[in-house]
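Comments concern the structure below.
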Amino acid sequence: MMPRIPDDPVARAERKANLLLASEVVRGQAVLAVDDLGGRADRWAVRVRAWRRVLSDPTVLAAVGGGAAFFVASGPQQRGRFWRGLRWAWLAWRVLRRRT
């Protein structure tokens, strides 16, 4: 329920000033929220563009295609060895990276 508008001109002017101040504060908060949201959207757009650029690279496409062909053509035994080798290579890479 809205409070009754006062009849006194001084009280009316004070109420008007309070309402104007409150609306200015809310407007400022809305602008800050929109700016924050815009910044987040810009960061996500940069990430998406970077991934698109990486995934459209012919070398990456060839590697993915070769990997898919390998998995289709090889049996489960070959795939197991491949994954084991990949895990060892990843572990060696992490160990070397940690030492430097």
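First residue of the sequence shown? That's 8 in this note's numbering, and the numbers climb one at a time after it.
Ideal placement from N, C-alpha and C gives every residue a C-beta, glycine not left out.
*Val55 to Val41 span [Cα, whole Å]*: 21 Å
*Taking only the alpha-carbon atoms, compute the straight-line gap between Glu31 and Leu39 and give it to the nearest angstrom.*
12 Å
*Taking Asp49 as part of the alpha helix (DSSP H), name the residues at either end of that continuous run.*
16-62
*By how many angstroms is the C-alpha of Arg105 removed from the C-alpha of Ala74?*
Checking the sequence, you will find Gly at residue 74 rather than Ala. Between Gly74 and Arg105, the C-alpha separation is close to 28 Å.
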